[in-house]
Amino acid sequence: MQAVVKTHHIKITVEGKSIPMKLANFLKREYGSEYKVIATKKAAYDDNSLIGKNTKWYKDIKNKITPADSLKIYRQNKGLSQGKLAKLLGVLPSNISEMERSKRGISKEVAKKLSLILEVPVEKFI
Numbered sequence: 002m003q004a005v006v007k008t009h010h011i012k013i014t015v016e017g018k019s020i021p022m023k024l025a026n027f028l029k030r031e032y033g034s035e036y037k038v039i040a041t042k043k044a045a046y047d048d049n050s051l052i053g054k055n056t057k058w059y060k061d062i063k064n065k066i067t068p069a070d071s072l073k074i075y076r077q078n079k080g081l082s083q084g085k086l087a088k089l090l091g092v093l094p095s096n097i098s099e100m101e102r103s104k105r106g107i108s109k110e111v112a113k114k115l116s117l118i119l120e121v122p123v124e125k126f127i
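Letter 81 of the sequence shown, counting from 1, is numbered 82 in the numbering used here, and no numbers are missing.
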């Protein structure tokens with residue numbers, strides 16, 4: 002039996018003969034009617050998988066993500082240290098740290114450069 006949960010940034014797959022009840026109950030609470038269990042012999046995703054963008058949980062989290070959060074998330078996803086990103090931007094590493102902690106704003110010019118370097122829409126940083 003396999004439980005599959007797909008969201009924009011999260012994929013959860015549980016494989017085995019059965020899903021632990023504690024995990025199944027947690028997923029059911031988090032995803033409500035969007036949560037589905039797919040019995041399968043192979044690990045494959047199909048149309049019965051959860052599309053997480055439609056869940057209340059995803060929408061709530063998305064509304065709470067700040068440009069500072071986005072910077073840190075996308076930097077880490079690219080495998081860049083603050084120092085490496087600072088070099089690519091032509092700023093001090095302390096500036097990146099301050100931007101990620103919302104101690105320093107992200108200017109439009111820096112947001113454009115971040116968008117190119119991290120390959121995400123500029124709106125994520127504004």
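Glycine included, every Cβ here is placed at the ideal spot set by N, Cα and C.
Rounded straight-line distance, which links the Cα of residue j to that of residue i
i	j	result
Phe126	Glu16	37 Å
Ala69	Glu101	4 Å
Leu115	Lys65	20 Å
Ile97	Met22	43 Å
Thr56	Glu120	26 Å
Thr67	Asp61	12 Å
Ile107	Ile20	44 Å
Lys63	Asn26	23 Å
Leu28	Lys113	38 Å
Lys73	Glu124	15 Å
Beta-carbon contacts of residue i that lie in its chain and below 8 Å, excluding the five residues immediately before and after
i	result
Pro122	Ser116
Same chain, Cβ closer than 7 Å to residue i, five either side skipped, listed in chain order
i	result
Val111	Leu90
Glu99	Arg105
Ser103	Thr67, Ala69
Ser71	Lys125, Phe126
Cβ distance (whole Å) where residue i is taken to contact residue j below 8 Å
i	j	result
Pro94	Gly80	Contact doesn't hold; Cβ gap of about 16 Å is too wide.
Same chain, Cβ closer than 6 Å to residue i, five either side skipped, listed in chain order
i	result
Tyr75	Leu119, Val121
* Do the region 23-33 and the region 85-105 meet, that is, are 3 or more Cβ pairs less than 8 Å apart? -> no
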